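Student: This is the structure, below, for whatever I ask next.
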């Protein structure tokens, strides 16, 4: 499946953490399929994959670990410190059709 510029390998029941999406908690979202493997059959054709949707249930919204960014320039006294926490959403795959 593809979500937020990333691709994840999933099956029904898989819990995935991805970039924040605008959806209600306990709501369902439709995600695009990139590659479909069904036993021996592998589907990568865009026309065939347009019919396939991955359904997922939103479990919760969370924030990732804090990272610290520091900038420093020698001999000028310039120092800058900044932090960032990525907004994330955890979903559970409920169906692939």
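Residue numbers (the numbering used here): 215 to 311.
For every residue, glycine included, the Cβ atom is placed at its ideal position computed from N, Cα and C.
Just so we're clear, the structure is a prediction, and the values are computed from it rather than from any experiment.
Among the candidates 296, 229, 290, 292, whose CA atom is the shortest distance from the CA of residue 282?
Tutor: Position 68 of the chain shown, counted from the first residue, corresponds to residue 282. When only C-alpha atoms are compared, the closest one is 296.
Student: Can you give me the C-alpha to C-alpha distance between residue 261 and residue 229, rounded to a whole angstrom?
Tutor: The residue you call residue 261 lines up with position 47 of the chain shown. The residue you call residue 229 lines up with position 15 of the chain shown. Residue 261 and residue 229: Cα-Cα distance of roughly 27 Å.
Student: Within the continuous alpha helix (DSSP H) that includes residue 261, where are the two ends?
Tutor: Residue mapping note: residue 261 aligns to position 47 of the chain shown, counting from 1. Residues 260-263.
Student: To which residues of the same chain is residue 226 closer than 8 Å at the C-beta, ignoring the five residues directly before and after it?
Tutor: Here residue 226 corresponds to residue number 12 of the chain shown, with the count starting at 1. Closer than 8 Å at Cβ, skipping near neighbours: 307, 308, 309, 310.
Student: From which residue to which residue does the beta strand (DSSP E) around residue 237 run?
Tutor: Locating residue 237 in the chain shown gives position 23, counting from the first residue. Taken as a continuous stretch (DSSP letters only), residue 237 belongs to no beta strand (DSSP E), as it is neither H nor E.
Student: Quick check on the DSSP output: what are the complete alpha helix (DSSP H) runs of length 4 or more inside the region 255-304, in order along the chain?
Tutor: 260-263
Student: Per DSSP, residue 230 is paired with what?
Tutor: Taking the chain shown and counting its residues from 1, the one referred to as residue 230 is at position 16. DSSP output for residue 230 lists 305 as bridge partner(s).
Student: Between residue 294 and the rest of its own chain, which residues show a CB-CB distance below 6 Å, the 5 nearest in sequence each way excluded?
Tutor: Here residue 294 corresponds to residue number 80 of the chain shown, with the count starting at 1. Same-chain partners within the cutoff: 285.
Student: With distances taken from CA atoms, which of 250, 290, 287 is nearest residue 268?
Tutor: As a first step, residue 268 is located in the chain shown; it is residue number 54 there, counting from the start. Ranking the options by Cα distance to residue 268, first place goes to 250.
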